[in-house]
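Numbering follows the numbering used here, in which position 91 of the sequence shown is assigned residue number 80; successive positions increment by one, without gaps. Below is one structure, written out as structure tokens; the observations come after it.
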Amino acid sequence: MSTKDLRRDLGRKELFGIATGQVIGAGIMVLVGMGIQMTGRSVSLAFVLSAVWVVLLSIPWIFISSCIRLRGGEYTQAAVLVGDRFAGMYIFIYIFRNLQMTIYTLGFTSYFISLVPEQME
């Protein structure tokens, strides 16, 4: 069977599954201990706030993906759809989204150190 025979579309169910897998794998499973240590019993509130943050980040891409194909960077695409002011706010959020990659790195290293602690001494 060649790859030409495969369907090339992802539906809502498949995309929702991919997004859910990323959220669960990256945050909840790896960093829940660190979250409890930092926030105590408020860790559920921290997860709810982060879910709201993710939804806010997704809004421009939902518009872009459902309406038009555009060329250019993320600021250009957001500016065409929602205007310069909201595009500036989106880029501000986008910068912080990219800075959160350090959280993934912290989670991976703490997990890796727990697997091989004698290598890190």
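Using N, Cα and C, we set each Cβ at its ideal position, and we do this for glycine too.
Taking 8 Å as the threshold, find out whether the segment 67 to 80 comes into contact with the segment 48 to 57 through three or more Cβ pairs.
yes
What did DSSP end up calling I57 once you bin it into helix, strand or coil?
Translated into positions along the sequence shown, residue 57 becomes position 68. DSSP places I57 in coil when its eight states are reduced to three.
Is the beta carbon of L20 sitting closer than 8 Å to the one on G96?
Start at 1 with the first residue of the sequence shown, and residue 20 comes out as number 31. Start at 1 with the first residue of the sequence shown, and residue 96 comes out as number 107. Yes, these two residues count as a Cβ contact at 8 Å.
Quick check: what's the CA-CA separation for V69 versus E3?
By one-based count along the sequence shown, residue 69 stands at place 80. By one-based count along the sequence shown, residue 3 stands at place 14. So the two alpha carbons sit approximately 28 Å from each other.
Taking the alpha-carbon positions, what's the N87 to G22 distance?
As a position in the sequence shown, residue 87 is number 98, starting the count at 1. As a position in the sequence shown, residue 22 is number 33, starting the count at 1. N87 and G22: Cα-Cα distance of roughly 22 Å.
Taking the Cβ atom as the reference point for each residue, do Y93 and E63 lie within a distance shorter than 8 Å?
Your numbering for residue 93 matches position 104 in the sequence shown. Your numbering for residue 63 matches position 74 in the sequence shown. Cβ distance not < 8 Å, so Y93 and E63 don't count as in contact.
Leaving out the 5 sequence neighbours to the left and right, which residues in its chain are closer than 8 Å to T28 when beta-carbon positions are compared?
Numbered from its first residue, the sequence shown carries residue 28 at position 39. Result list for T28: L34 and A35, in chain order.
Could you check the C-alpha separation between Q11 and T91 for me, to the nearest Å?
Sequence index remark: in the sequence shown, residue 11 carries index 22 (1-based). Sequence index remark: in the sequence shown, residue 91 carries index 102 (1-based). So the alpha carbons of these two residues sit roughly 15 Å apart.
For G62, which three-state DSSP category applies?
Counted from its first residue, the sequence shown places residue 62 at position 73. The answer is coil: DSSP assigns G62 none of H, G, I, E or B.
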